[in-house]
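With our numbering, letter number 243 in the sequence shown gets 243, and the count goes up by one each step, no holes.
Positions of the beta carbon are idealized from the N, C-alpha and C atoms, including for glycine.
Since this is a predicted model, take the numbers as computed values, not measurements.
Okay, structure first, notes after.
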Amino acid sequence: MHYCKDSMFGPYWSVTRYNDIMEIETNHSVFSSASSLGGITIRDIDPELRRESFISMDPPRHAAQRKTVAPMFTPTHLDNLALSIRQRSAECLDNLPRGEVFDWVDHVSIELTTQMLAVLFDFPWEDRRKLTRWSDIATTIPGPDGLVATEDERQAELTECAGYFTRLWKERIEQPPKSDLLSMMAHGAATRDMDAKNFLGNLILLIVGGNDTTRNTMSGSLHALSQHPEQYRKLRENPALLDSFVPEVIRWQTPLAHMRRTALADFEFRGKQIKKGDKVVMWYVSGNRDADAIEKPYEFIIDRARPRTHLSFGFGIHRCVGLRLAELQLKIIWEEILKRFDHIEVVGEPKRVYSSFVKGLETLPVKIAA
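See the structure below:
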């Protein structure tokens, strides 16, 4: 743990060890997620533009809003989703080009995660790609290399997102409760009276959460296997290894690089003096490479004995509410890939997402033999 005095995001404490991250994640009396103090990312947002969501709330308010959407991710509901996930995955893979280079991110990762988001929100199918765009806009850093040049442009697109969902929200309020996320929030006791900022904050949380983990690991999994052909062979020879492959590739990719907390009081931690108001950044991407917690952390091993030892979904009460759905989607897509293709060749370097928060691939050129 060390103090970074100067950075493009201002001063902050950098936490890189697995056990240190877990300790900070669970100490809510000292380390806050509250949006009013800065929220969950290293990048500071103008106070006027901050939007509260249940991931940027502290106990006990956090639990009430999280419980509203939790029924979407129960084992029973996931079992009900599995068949449609498999059908969409199979259709997507069967329609891929053969014998020519194409972008795996766009054709597979974005398409499948966007379809899943549309199902979760009961969102108009023909507009489903808007969900991916809004997710990317929510996490991009404005600038020459970002998706938008200025913060004003970013806010304009998020305002479009809010307007679109507000229309859907009004429809859901007038309808009987259903099992989509928007209806759950429209009729939930803890969420039906949210103000506009809290409403948009929770929407962005659920869109980004549903998009980035799965999408970037779908892309990252193929890239990882292309870099480790011996693991690819092992998986083809024994598809039963998917049960350990999925959590291992989620660790390896670490689709969200960090989470941030803000100190509520002066506090000594590991011999360091943290001051009230200090920004504390937990680097999941580093914790997932900590040799004190993970054996051979710099090796990609799809048959690890303890593959679920990772921080990619967070830890404690803020652990990703949709993690089992993400794992299910990844397992199914790879089951369907292994049925169809002996090999998918990565034919060029990927372009990485320009973000300090999201760790993903923007493009990944691949080719499947004709």
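Quiz item: Are the beta-carbon atoms of residue 145 and residue 354 separated by less than 8 angstroms?
Solution: yes
Practice problem: Take residue 91 and list the residues in its own chain whose beta-carbon comes closer than 6 angstroms to its own, dropping the five residues that flank it on each side. | Solution: none
Quiz prompt | residue 282 - DSSP class collapsed to helix/strand/coil | solution = strand
Exercise. Have a look at the DSSP bridge pairing and note the partners of residue 366.
Key: 102, 346
Exercise. Flag this pair as touching only if the region 298-315 and the region 28-37 have three or more C-beta atom pairs under 8 angstroms; answer yes or no.
Key: Cβ pair count under 8 angstroms is below three, so no.
Self-check item: Inter-stretch contact (C-beta, 8 angstroms, three-pair minimum) for the region 197-215 and the region 80-99
Solution: no
Quiz item: Which whole-angstrom value is the C-beta distance of residue 356 and residue 257, which I expect to be below 8 angstroms?
Solution: 7 angstroms
Quiz prompt | Pair within 8 angstroms by beta-carbon distance, residue 360 and residue 226 | solution = no
Quiz item: Just the Cα atoms here: how many angstroms apart are residue 164 and residue 172?
Solution: 13 angstroms
Self-check item: Best match in 155, 128, 127 for proximity to residue 140 [C-alpha to C-alpha]
Solution: 155
Quiz item: Excluding five sequence neighbours on each side, which residues of the same chain lie with their C-beta closer than 8 angstroms to the C-beta of residue 148?
Solution: If you ignore the 5 residues before and after residue 148, its C-beta comes within less than 8 angstroms of the C-beta of 137, 140, 142, 154, 157, all in its own chain and listed in chain order.
Self-check item: Short Cβ contact (8 angstroms threshold) for residue 341 with residue 302
Solution: No, the Cβ-Cβ distance between residue 341 and residue 302 is not below 8 angstroms.
Self-check item: Cβ-Cβ distance between residue 10 and residue 260 below 8 angstroms
Solution: no
Quiz item: From this set, 238, 287, 224, which residue's C-alpha is nearest residue 339's C-alpha?
Solution: 238
Quiz item: Taking just the CA atoms, how far does residue 115 sit from residue 121?
Solution: 10 angstroms
Exercise. Go ahead and label residue 45 buried or exposed: buried means 16 or more other beta carbons lie within 10 angstroms of its beta carbon, across all protein chains shown.
Key: Residue 45 should be labelled exposed.
Exercise. Go through its chain and collect everything with a Cβ distance to residue 58's Cβ below 8 angstroms, but skip five positions before and after it.
Key: 28, 32, 33, 34
Quiz item: Going by other Cβ atoms of all chains shown within 10 Å of its Cβ, with 16 needed for buried, is residue 2 buried or exposed?
Solution: exposed
Self-check item: Simplified DSSP state of residue 377, which is helix, strand or coil
Solution: Summary: the structure shown does not reach residue 377, with the chain confined to residues 1 through 370, and so no result is reported for it.
Quiz item: Among all the DSSP beta bridges, which residues are the ones paired with residue 263?
Solution: According to DSSP, which records beta bridges pairwise, residue 263 is partnered with 31.
Self-check item: Inter-stretch contact at 8 angstroms, needing at least 3 Cβ pairs: the region 122-135 / the region 178-186
Solution: yes
Quiz item: When the Cα atoms are used, what is the spatial distance from residue 130 to residue 370?
Solution: 32 angstroms
Practice problem: Tell me residue 4's beta-bridge partners as DSSP assigns them. | Solution: 12
Quiz prompt | Three-state secondary structure (DSSP) of residue 273 | solution = strand
Exercise. Give me the Cβ distance between residue 319 and residue 20, rounded to the nearest whole Å; I'm assuming they're in contact under 8 angstroms.
Key: Incorrect: roughly 17 angstroms between the Cβ atoms, too far for contact.
Exercise. Kindly indicate which three-state DSSP category residue 120 falls into: helix, strand or coil?
Key: helix
Exercise. Return the chain-ordered list of same chain residues with a C-beta closer than 7 angstroms to the C-beta of residue 188, the five sequence neighbours on each side being excluded.
Key: Excluding positions up to five away in sequence, the list reads 68.
Quiz prompt | Limits of the alpha helix (DSSP H) - the one that residue 69 falls within | solution = Unbroken alpha helix (DSSP H) run through residue 69: 61-69.
Quiz item: By the 10 Å Cβ neighbour count, where 16 or more other Cβ atoms means buried, how is residue 272 classified, buried or exposed?
Solution: exposed
Quiz prompt | Contact between the region 67-84 and the region 324-332 (3+ Cβ pairs under 8 angstroms) | solution = yes
Exercise. Go ahead and pull the three-state DSSP assignment for residue 78.
Key: helix
Self-check item: N-terminal and C-terminal residue of the alpha helix (DSSP H) that residue 356 is part of
Solution: No alpha helix (DSSP H) holds residue 356; DSSP gives it neither H nor E.
Self-check item: Beta-carbon proximity list for residue 383, same chain, < 6 angstroms, skipping 5 on both sides
Solution: The structure shown does not extend to residue 383, since the chain is modelled only from 1 to 370, so the question has no answer here.
Quiz item: Cα separation between residue 79 and residue 328?
Solution: About 9 angstroms.
Practice problem: With a cut-off of 8 angstroms on the beta carbons, I'd call residue 108 and residue 362 a contact; round off their distance for me. | Solution: Wrong, their Cβ atoms sit about 14 angstroms apart, outside the cutoff.
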